[in-house]
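J.: Here it is, the structure in full.
Protein chains: 2
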Amino acid sequence: MRFFTRPESQIFTQPILQIDLDKLVANYKTLCQIIAPATPSAVVKDDAYGLGAPEVARALYENADCRNFWVAHALEGARIAEFVPEANIFVLQGIGVDSWNLFEEYHLIPVIGSPQMLAFWKNNPIEGINPVIQVETGLNRLGFRPEELKKLSKNDLKTFGMVMSHLSCADEKDHFMNAHQLENFTSIREKYFPGLPASLSASDGAFLGEDFCCDMVRLGAAMYGINTAPYRLNQMQNIITVKAPVLQIADLQKGEFVGYSATYRAASKRKIAIVSIGYGDGMPRSLSNVGKVFFKQKGKMGEARIIGRVSMDNIICDVTDIEGLKIGDFGFMIFDEYTLDDIARDSATISYEVLSRLGKNTRFKREYLAK
Amino acid sequence: MRFFTRPESQIFTQPILQIDLDKLVANYKTLCQIIAPATPSAVVKDDAYGLGAPEVARALYENADCRNFWVAHALEGARIAEFVPEANIFVLQGIGVDSWNLFEEYHLIPVIGSPQMLAFWKNNPIEGINPVIQVETGLNRLGFRPEELKKLSKNDLKTFGMVMSHLSCADEKDHFMNAHQLENFTSIREKYFPGLPASLSASDGAFLGEDFCCDMVRLGAAMYGINTAPYRLNQMQNIITVKAPVLQIADLQKGEFVGYSATYRAASKRKIAIVSIGYGDGMPRSLSNVGKVFFKQKGKMGEARIIGRVSMDNIICDVTDIEGLKIGDFGFMIFDEYTLDDIARDSATISYEVLSRLGKNTRFKREYLAK
């Protein structure tokens, strides 16, 4: 093992992903205040949107007393179970032949969204578990439709421990679907599930007011720093930083091309930097010729435009105006002033997708920040 | 542990990713013939484009005698080293303070692409390793620029075991950059590296003829089934299948909306299926309202259009014309007749990016097929 201390040895190759668990917990607590008196719960599906479900779930369990977690698949529930021993773990995609054993072993709670899944559950119940029923109110995704609810027997209705639905347009405050879905949900609750705890909203619905919060709100994207109420400034803190080292700095002569398919041509002499991160690390390829890399410069963040195609391992950017840049300096792809929401806008998708892709890549040096 | 045999128990929730290692090896062998007499080598960076670098490297090592592998980062080399004990492992992003120890421990071979990295190497050489030098010929990414080559001493030049470069437009047979880069590369070889083994082409360059193959070709995307010579029909076999179970089937009334932001509205009564896969499993969100899901139907593959937004865990498709579909049937997202190239076209990106995102997701039941 060699240790490097000489000043000339500042050559780095590995990108870094930092996840601030303290800020995550702070966001969760802010959301708890916004939705009070509704019970908070945390959505940690998709490996906590790629950030590491065990680490995220444990931080929320230990530092914010979170006792209700949502995952999409049973195996995701199994992965967090040991870290949240006293918590409820709800499984949104429900239960089937390929997951029943995990439900039994880890005492997971299925969300049942169709008569067929309910029939399966009734044939294969698990002692001591009351499933959640999902009802369809306008998203037209999973959930019992009105004609299916009508066919439920009294015993069927008593099977469930909670009733839930999901909003389709809750990130648009005045979208007609919000009131429409709330009305549907309220009427289903009154007709079929009086007195049963109910959950309608995720992070976006949390900002729509008390009616939408019902008994439990499923907090996900906002907790991870995404602005789920984009009609107003983000109240959440950014929790992630992505940075990667400059591998090379070079001059680009007038007329030279850059990157695959030669999609950038220099109209004048430029200075470029090759940064050691690419779509293989989750940076959207749609940032090609559009996105930005930022460099620390005299206490400010200098902005460098991505030029040419984003490739699997590298991004090339125009650093003509970045003074004093040297090999081994880090380029910032996501940080407090250029967040998930910003990179998503520049790559023409949503923050959720950027985040979901990002954290699953195994080439990052991954750092969890927490006191 | 419960086993399910009753016919009514056909409820599934988990998506499946199958990787056919035999077809991968067959593709590699086909490519070996195309590039002969050049030496083949396999690109397994980015976790073998997400398909599992240990499994892929081992299959190629054991069943196709592959003895040269390329990764991007040292830690990727470390992950495959035990499976390819007699092979060379080249590291494209090169060596630095944050990776030197891995190079020493696993005897990895760095690709050196800048004078600064060469200086670092000369201060911290590893006994018995001859690095590769990367030279810049037109991509304007990593590599020594002409003015930097001029400054190399005779001893510097003798340091290297191979010289390499990378093509920018090799998937377009007649692109002017191909001849331009070959000419640059040839002249650099003659001037600075006479007699030294050379590598210019990846999978796409492999189809450009013997001049482009030089001594070693770096076979990546084509081996994974991607058509890297899109100006002619694909000579490679598809090696992956992605399928996911139908969780629910429902009627959609005229005028109803589907999915987030209500981006689909039914102009007539439709039948929809909710399939248990989403962008959290690597399906591009840009397939929203554009992509397709396929269902086995009387020996044919019925085609169902994706409607509404692709969400994190689910895709909704229009199955009005799919007869006999039932819950628990599997929808195919990628298979032999709708390959990576097809899904990439429909999602407005390249196959490489789709593949790179896909295999890293941990919710798949992952099946490696091999005799």
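Protein chains in written order, with our numbering: chain A, -8 to 362; chain B, -8 to 362. All residues carry an ideal CB built from backbone N, CA and C; glycine is no exception. Predicted model, so just to flag it, every value in this text is computed and none were measured.
1. So is residue 46 (chain B) buried or exposed if we call it buried at 16+ other beta carbons inside 10 Å?
2. Give the straight-line distance between the Cα atoms of residue 266 (chain B) and residue 232 (chain A), rounded to the nearest whole angstrom.
3. Go to residue 359 (chain B), then tell me how far its beta strand (DSSP E) extends in each direction, as first and last residue.
4. May I ask you to report which of helix, strand or coil DSSP gives residue 263 (chain A)?
5. Candidates A:84, A:177 and A:285: which alpha carbon is nearest residue 67 (chain A)'s?
6. Is it a yes or a no for the segment 337 to 349 of chain A touching the segment 308 to 318 of chain A, going by three-plus beta-carbon pairs under 8 Å?
7. For residue 242 (chain A), which residues does DSSP report across the bridge?
8. First and last residue of the alpha helix (DSSP H) that includes residue 76 (chain B)?
9. Taking the continuous alpha helix (DSSP H) assigned at residue 68 (chain A), which residues delimit it?
10. Where in the segment 321 to 345 of chain A do unbroken runs of the alpha helix (DSSP H), each at least 4 residues long, occur, reported from the N-terminal end onward?
11. Measuring CA to CA, which of B:119, B:242 and B:128 is closest to residue 104 (chain B)?
12. Where DSSP assigns a beta bridge to residue 294 (chain B), which residues make up the other side?
13. Please decide whether residue 61 (chain A) counts as near chain B, where near means a Cβ-Cβ distance under 7 Å.
14. Going by beta-carbon coordinates alone, are residue 87 (chain B) and residue 3 (chain A) separated by less than 7 Å?
15. Nearest to residue 216 (chain B) by alpha carbon, out of B:100, B:208 and B:225?
16. Answer yes or no: does any C-beta atom of chain A fall closer than 7 Å to that of residue 271 (chain B)?
17. Can you name the residues of chain A whose CB is closer than 8 Å to the CB of residue 168 (chain B)?
18. Is residue 21 (chain B) close to chain A? Criterion is C-beta to C-beta, closer than 7 Å.
19. From what residue to what residue does the beta strand (DSSP E) around residue 107 (chain A) run?
20. What in chain B is Cβ-close to residue 241 (chain A), meaning under 8 Å?
21. Quick one: give me the first and last residue of the beta strand (DSSP E) that residue 32 (chain A) is part of.
22. For residue 11 (chain A), decide whether its Cβ has a neighbour in chain B, counting only Cβ atoms nearer than 7 Å.
23. Less than 7 Å separating the beta-carbons of residue 28 (chain A) and residue 210 (chain A)?
24. Against chain A, with Cβ distances strictly below 7 Å, would residue 334 (chain B) count as a contact?
25. Can you look up residue 222 (chain B) in the DSSP assignment and give me helix, strand or coil?
26. According to DSSP, is residue 276 (chain A) part of a helix, a strand, or is it coil?
27. Taking the alpha carbon of residue 123 (chain A) as the reference point, which residue from A:289, A:148 and A:137 has its own alpha carbon closest?
28. Near residue 278 (chain A), which residues of its chain fall below 7 Å by C-beta distance, leaving aside the five closest residues on each side in sequence?
29. Rounded to the nearest angstrom, how far is the Cβ of residue 272 (chain A) from that of residue 175 (chain A), given a contact under 8 Å?
30. In the DSSP assignment, what residue or residues form a beta bridge with residue 232 (chain B)?
31. When the Cα of residue 291 (chain A) is compared with those of A:323, A:303 and A:262, which residue comes out closest?
32. Evaluate the contact criterion for the segment 132 to 140 of chain B versus the segment 165 to 173 of chain B: three or more CB pairs, one atom per stretch, below 8 Å.
33. Would residue 362 (chain A) and residue 13 (chain A) qualify as a contact pair, given that the criterion is a beta-carbon distance under 7 Å?
34. Do you know whose CA, among A:-5, A:-8, A:-7 and A:6, lies nearest residue 350 (chain A)'s CA?
35. Restricting to Cα atoms, I'd like to know which of B:345, B:8, B:91 and B:106 is closest to residue 212 (chain B).
36. Taking the runs of the alpha helix (DSSP H) that are 4 residues or longer, which of them lie wholly in the segment 141 to 194 of chain A?
T.: Reading from the atomic positions:
1. Indexing the second sequence from 1 puts residue 46 (chain B) at position 55. Result: buried.
2. Your numbering for residue 266 (chain B) matches position 275 in the second sequence. Your numbering for residue 232 (chain A) matches position 241 in the first sequence. Near 33 Å, if we compare the C-alpha coordinates of residue 232 (chain A) and residue 266 (chain B).
3. Locating residue 359 (chain B) in the second sequence gives position 368, counting from the first residue. For residue 359 (chain B), the uninterrupted beta strand (DSSP E) run begins and ends at 356 to 360, by DSSP.
4. Numbered from 1 along the first sequence, position 272 holds the residue referred to as residue 263 (chain A). It is a strand residue.
5. Translated into positions along the first sequence, residue 67 (chain A) becomes position 76. Among A:84, A:177 and A:285, the Cα nearest to that of residue 67 (chain A) is on A:84.
6. No contact exists between the segment 337 to 349 of chain A and the segment 308 to 318 of chain A.
7. By 1-based counting over the first sequence, the position of residue 242 (chain A) is 251. Its beta-bridge partners are A:262.
8. For the purposes of this step, residue 76 (chain B) is taken as the residue at position 85 of the second sequence. Annotation for residue 76 (chain B): no alpha helix (DSSP H) segment contains it, and DSSP assigns it neither H nor E.
9. Counting from 1 along the first sequence, the entry for residue 68 (chain A) is found at position 77. Segment 65 to 71, the alpha helix (DSSP H) holding residue 68 (chain A).
10. 331 to 337
11. Indexing the second sequence from 1 puts residue 104 (chain B) at position 113. It is B:128 whose Cα lies nearest to the Cα of residue 104 (chain B).
12. The residue given as residue 294 (chain B) occupies position 303 in the second sequence. DSSP, once it has assigned bridges, lists B:285 as partnering residue 294 (chain B).
13. Within the first sequence, residue 61 (chain A) is the residue found at index 70, counting from 1. Closer than 7 Å: no.
14. Taking the first residue of the second sequence as 1, we reach residue 87 (chain B) at position 96. Taking the first residue of the first sequence as 1, we reach residue 3 (chain A) at position 12. Yes.
15. Counting from one through the second sequence, the residue named residue 216 (chain B) turns up at place 225. Measuring from the Cα of residue 216 (chain B), the nearest candidate turns out to be B:225.
16. Taking the first residue of the second sequence as position 1, residue 271 (chain B) is located at position 280. Chain A contact via Cβ: present.
17. Within the second sequence, numbered from 1, the residue matching residue 168 (chain B) stands at position 177. Those within 8 Å of residue 168 (chain B) in chain A are 248 and 253.
18. As a working mapping, residue 21 (chain B) is identified with position 30 in the second sequence. Not closer than 7 Å to any Cβ of chain A, the Cβ of residue 21 (chain B) fails to qualify, so no.
19. Locating residue 107 (chain A) in the first sequence gives position 116, counting from the first residue. Counting along the chain, residue 107 (chain A) falls outside any beta strand (DSSP E), though it belongs to the alpha helix (DSSP H) covering 106 to 114.
20. Position 250 of the first sequence, counted from the start, is the residue given in the question as residue 241 (chain A). Going along chain B in sequence order, the residues near residue 241 (chain A) (Cβ under 8 Å) are 127, 131 and 136.
21. The count along the first sequence starts at 1 and reaches residue 32 (chain A) at position 41. Here the beta strand (DSSP E) through residue 32 (chain A) covers 30 to 34.
22. Position 20 of the first sequence, counted from the first residue, corresponds to residue 11 (chain A). Not one chain B Cβ lies under 7 Å of residue 11 (chain A).
23. As a working mapping, residue 28 (chain A) is identified with position 37 in the first sequence. As a working mapping, residue 210 (chain A) is identified with position 219 in the first sequence. No, the pair does not count as a contact, with Cβ atoms beyond the cut-off.
24. Taking the second sequence and counting its residues from 1, one reaches residue 334 (chain B) at position 343. Not closer than 7 Å to any Cβ of chain A, the Cβ of residue 334 (chain B) fails to qualify, so no.
25. Stepping through the second sequence from its first residue, residue 222 (chain B) is reached at position 231. Residue 222 (chain B): coil per DSSP, three-state reduction.
26. Position 285 of the first sequence, counting from 1, holds the residue named residue 276 (chain A). Of the three classes helix, strand and coil, the one that applies to residue 276 (chain A) here is helix, per DSSP.
27. Reading the first sequence from its first residue, position 132 is the one you call residue 123 (chain A). When each option's Cα is compared against that of residue 123 (chain A), the closest is A:148.
28. The residue you call residue 278 (chain A) lines up with position 287 of the first sequence. If we look at residue 278 (chain A) and ignore the five residues flanking it on each side, its Cβ neighbours are 297, 301, 337 and 338.
29. Translated into the one-based positions of the first sequence, residue 272 (chain A) becomes position 281. Translated into the one-based positions of the first sequence, residue 175 (chain A) becomes position 184. About 42 Å; that fails the 8 Å criterion.
30. Along the second sequence, one-based indexing puts residue 232 (chain B) at 241. According to DSSP, which records beta bridges pairwise, residue 232 (chain B) is partnered with B:9.
31. Start at 1 with the first residue of the first sequence, and residue 291 (chain A) comes out as number 300. Comparing Cα-Cα distances from residue 291 (chain A) to each of A:323, A:303 and A:262, the minimum goes to A:323.
32. no
33. The residue labelled residue 362 (chain A) in the question sits at position 371 within the first sequence. The residue labelled residue 13 (chain A) in the question sits at position 22 within the first sequence. Contact flag set, yes.
34. Position 359 of the first sequence, counting from 1, holds the residue named residue 350 (chain A). Residue A:6 is the option with its Cα nearest to residue 350 (chain A).
35. Working through the second sequence from its first residue, we reach residue 212 (chain B) at position 221. Minimum Cα-Cα distance from residue 212 (chain B) among the listed residues B:345, B:8, B:91 and B:106 corresponds to B:345.
36. Inside the segment 141 to 194 of chain A, DSSP marks whole alpha helix (DSSP H) runs of 4 or more residues at positions 145 to 149 and 167 to 183, from first to last along the chain.
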